[in-house]
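This report concerns only the one structure given below.
In the working numbering, the protein residues as written are 65 to 352.
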């Protein structure tokens, strides 16, 4: 890796890193100015296409089983506890195949965007009554009215972004005054992240490009015009298929891909497990 290939920090723009480790050839560093941990280079378009193709949503990850339902219930409860009333207009950025839409459609008026066309098509088929409000492609290109929404949600999205500041600035532009943003993302400040280091189960570059702790996530929101209001950290509800997917991402030699796929598609793949790791964080912030 040449010095010229190192990018500026995705939060503050500095190009001064403490290099932590390499994960499958991807250099991970901590910005010496703001403290954000991140991949120090940007993946090219082909790498991203390889990651987020149709197969990305066909690995047992997004199966709406008991584990998925409990996670959606937690998200909805967090939104309501933060003060968002029922019936609010909510934009789901990075909606995947529509799991949150399905769980929250009785609580909120929902719109959604995802870069993966196959995922959006799946969501439209599941929820035809909302099909006209579900868009494939970049959020900036979707016909989303400005200053219209009461809330934007980004569940397990911000860690994937090469430019999180730009995305949150876009979210601000689509929120009414006083509107909310709700985020969930892995917590790099959790004990298990410190203990496991390069083998932390969320350390999966180039799928995950940024690793926020509480301070850096709040810093991101403040820089983009939000005032943090509520934060919590929890463990994760997972199905067995998702857990094996994450383990293979961290330790590729653990099991053959064919075995992981067979388990994910079997009845055992939907077994619900709770991992009390405290490495999922949730943040609610209001537009200033």
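All C-beta atoms in this analysis are idealised placements derived from N, C-alpha and C, irrespective of residue type, glycine included.
- Between the stretch 68 to 80 and the stretch 88 to 101, the count of Cβ pairs shorter than 8 Å is three or higher; the stretches touch.
- Per DSSP, reduced to three states, the secondary structure at residue 336 is strand.
- One Cα belongs to residue 220, the other to residue 251, and the distance between them is close to 11 Å.
- Residue 261 sits exposed, since fewer than 16 C-beta atoms from the chains shown fall within 10 Å of its C-beta.
- Using a 10 angstroms sphere on the CB of residue 303, the tally of other CB atoms reaches 16 or more, which defines it as buried.
- Under the Cβ criterion (8 Å, minimum of three pairs), the stretch 133 to 151 counts as touching the stretch 166 to 179.
- Going by DSSP, residue 159 is part of no alpha helix (DSSP H) at all; its letter is neither H nor E.
- Per DSSP, reduced to three states, the secondary structure at residue 247 is strand.
- Taking 8 Å as the upper bound for CB-CB distance, residue 292 and residue 282 are in contact here, some 5 Å apart.
- Within a 10 Å sphere around the beta-carbon of residue 238 sit 16 or more other beta-carbons, which makes this residue buried.
- For residue 258, the closest of 277, 112, 130, 308 by C-alpha to C-alpha distance is 277.
- Residue 246 is a Cβ neighbour of residue 348, given a cutoff of 8 Å.
- Rounded to the nearest angstrom, the Cβ distance from residue 203 to residue 157 is 6 Å, consistent with a contact under 8 Å.
- Taking 3 residues as the minimum length, the beta strand (DSSP E) runs contained wholly in the stretch 197 to 251 are 198 to 200, 213 to 219, 239 to 250, in order along the chain.
- Secondary structure at residue 75: coil, using DSSP grouped into helix, strand and coil.
- Within its own chain, the residues whose Cβ lies closer than 8 Å to the Cβ of residue 242, once the five positions on either side in sequence are excluded, are 350, 351, listed in chain order.
- Spatial neighbours of residue 289 in its own chain (CB-CB distance under 7 Å, excluding positions within 5 residues in sequence) are listed in chain order as 236, 351, 352.
- The three-state secondary structure of residue 86, taken from DSSP, is strand.
- The DSSP assignment places complete alpha helix (DSSP H) segments of no fewer than 4 residues inside the stretch 255 to 283 at 255 to 260, in order along the chain.
- For residue 173, the beta-bridge partners assigned by DSSP are 153.
- According to the DSSP assignment, residue 130 belongs to the alpha helix (DSSP H) that extends over 130 to 145.
- Beta-bridge analysis with DSSP links residue 103 to 92.
- CA-to-CA, the gap between residue 240 and residue 154 works out to about 11 Å.
- If you look at residue 111, you'll find it in the alpha helix (DSSP H) that goes 109 to 115.
- Cβ neighbours of residue 337 within its own chain (closer than 6 Å, five residues either side excluded): 302.
- Around the beta carbon of residue 228, 16 or more other beta carbons sit within 10 angstroms, so the residue counts as buried.
- In the three-state scheme derived from DSSP, where H, G and I count as helix and E and B as strand, residue 184 is classed as helix.
- With 16 or more neighbouring CB atoms inside 10 Å of its own CB, residue 180 falls in the buried class.
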